[in-house]
Amino acid sequence: MPDNDPIALTTVSASFIQDWLDALRVRCTPDELAALLTRSGLQAGPMAPAQRVTLHEFVKLYQLAAPETQDEMMGLWSRPIRPRALQHLVTVQREAGSLTSALYRFSTFWNLMLDDFRLDLRTDPDELELTLVPYVSDTRPQRFGHMLLLKLAHGLLSWLGGAETPVKAVHFAFARPDFAADYAVVFPCPVIFGAKETSIRFDPRQFARPINRSTEEASDFLERAPIDWIFTRSRAHTYSLQVRAFLYGANWQTCQLSDAANDLKMTPRTLNRRLKDEATSFQDIKDALRRDIAIRALQEGAVSIEQIAYETGFSAPANFHRAFRKWTNKTPGAYRA
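Numbering follows our numbering, with no gaps: position 173 of the sequence shown is 174.
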């Protein structure tokens with residue numbers, strides 16, 4: 002993703018990856034996990050729920066943990082997914098005659114791999130639904146594992162077709178978490194929590210694109226994993242991301258709700274209501290963008306902390322220090338170090 006892409010700046014909460022870290026503890030010793038976190042740019046000790054994880058840190062942890070644990074799903078399922086399994090999956094997908102066939106192959110592949118759940122594919126003229134069905138009815142869903150598997154299905158279909166595949170809806174068989182807003186960065190559709198089963202739904206009429214991916218493109222896709230199948234490039238699926246993209250391309254510090262509403266061709270009252278439906282607000286989006294711009298600037302290290310404070314709209318560096326500690330549980334200087 003280019004540096005001027007507002008999604009490339011996106012961070013997720015530490016809570017979003019906590020289930021992943023818990024799973025890694027099954028595959029690593031405490032010292033090994035601490036080393037993985039440190040090498041990824043994350044702190045080795047417990048993170049506060051409000052701390053932020055950058056796209057770079059997220060991807061780096063995956064790329065380190067998958068080979069070092071010898072489990073390409075890093076403890077998220079009871080049976081380890083052996084190295085090169087995803088390479089085989091991509092090969093199988095490339096040979097499919099259509100995206101519908103690719104989704105069927107995806108389900109059969111994982112049904113050979115998983116002991117906890119099976120993937121059922123329901124096909125209708127108007128809808129395809131891929132569902133995670135537990136073999137034992139009271140099996141507790143692993144939130145990060147369920148997210149990752151559904152996103153892999155979507156990411157592979159999008160890559161095979163050469164454009165992001167539209168999604169009708171995603172359902173999760175667990176209660177709405179406090180970090181539910183992070184799912185909007187991942188899935189280009191409504192996300193429903195508390196469902197009977199975890200599933201992802203597509204419109205098969207959107208599956209007309211042919212599959213035409215070379216061996217070289219497959220190698221690049223695997224080498225970059227998981228960046229091309231975790232973080233969506235679409236800004237159209239939620240109003241919050243549309244507002245974020247508008248603010249990033251405008252003078253975000255002075256923009257008001259009315260400016261964003263005018264850009265989206267709706268009244269401020271309507272936009273405010275739609276953002277509320279997504280459990281956010283115009284000011285929340287603005288504050289999150291300011292936070293992520295500050296984090297990126299600290300990572301790049303090109304300007305002073307004082308300059309970053311003023312450029313992100315703080316009247317004094319001390320105010321920036323207080324806000325940044327609240328965001329990340331670190332001072333700006335400690336984060337940069």
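Glycine is no exception: its CB is placed at the ideal position from the N, C-alpha and C atoms. For clarity, every value in this text was computed on a predicted model and none was experimentally measured.
Residue i classed as buried or exposed, judged by whether at least 16 other C-beta atoms fall within 10 angstroms
i	result
E279	buried
D179	exposed
T109	exposed
P189	buried
H172	buried
V192	buried
R83	exposed
D32	exposed
D20	buried
V27	exposed
P3	With a pLDDT of 40 at P3, under the threshold of 50, the predicted position of this residue should be treated as unreliable, and no value is reported.
V304	exposed
S159	buried
V187	buried
T166	buried
F321	buried
R95	buried
D72	buried
R323	exposed
Within 8 Å, strictly: CB atoms of residue i and residue j
i	j	result
R53	T329	yes
G163	R210	yes
E217	K169	no
F107	P135	no
L77	G156	no
A176	G195	yes
R245	I294	no
L272	A261	yes
W111	L120	yes
S14	P47	no
A185	S241	yes
T70	L25	yes
From the options, residue whose alpha carbon lies closest to that of residue i
i	options	result
A335	L100, F194, L299	L299
L122	P135, L104, D116, A324	L104
F208	V244, L161, I193	L161
A174	E198, Q19, L151	E198
L65	S102, S215, R225	R225
T30	S16, N273, A45, F59	A45
E307	S14, R337, D229, S79	R337
A342	C256, A303, A319	Limits of the chain in this structure are 2 at one end and 338 at the other, which puts residue 342 out of reach.
R297	N252, F325, N112	F325
L113	Q284, P81, G250	P81
E301	E130, A219, H57, A97	H57
A219	V60, L131, L90	L90
S79	P142, M267, D204, T239	P142
T400	C256, A251, I231, K277	Here the chain covers residues 2 to 338 and nothing more, so residue 400 does not appear.
V60	I231, A251, L265, N252	I231
Inter-residue spacing [alpha-carbon to alpha-carbon] between residue i and residue j
i	j	result
T92	S200	24 Å
T313	S282	19 Å
R144	N213	33 Å
R275	T11	21 Å
T140	Q243	37 Å
L62	S316	35 Å
L34	L115	24 Å
M74	L149	9 Å
F247	Q254	12 Å
P68	L87	12 Å
L22	K152	18 Å
G42	I228	17 Å
R202	S102	15 Å
R270	R292	26 Å
D125	A97	19 Å
M358	F17	In the structure displayed, the chain extends from 2 to 338; residue 358 sits before or after that span and is not available.
V249	L223	Note that residue 249 corresponds to Tyr in the displayed sequence, not to Val. Spanning the two alpha carbons is a distance of roughly 30 Å.
Q257	S215	46 Å
N263	Q284	16 Å
S1	D204	Residue 1 is absent from the model: the chain starts at 2 and stops at 338.
T132	N252	43 Å
A36	E130	39 Å
K327	S259	29 Å
R40	D221	23 Å
L265	T55	28 Å
- Complete alpha helix (DSSP H) runs within the stretch 51 to 132 (minimum length 4 residues, chain order): Within the stretch 51 to 132, complete alpha helix (DSSP H) segments of at least 4 residues are found at 56 to 70, 86 to 95, 100 to 114, given in chain order.
- Can you check the stretch 137 to 205 for any alpha helix (DSSP H) of at least 4 residues that lies completely inside it and give the ranges in chain order? Counting only runs of 4 or more, we get 144 to 162, 184 to 187.
- Secondary structure, alpha helix (DSSP H): runs of 4+ residues fully inside the stretch 227 to 288: Qualifying alpha helix (DSSP H) stretches, in chain order: 228 to 231, 240 to 250, 258 to 264, 269 to 278.
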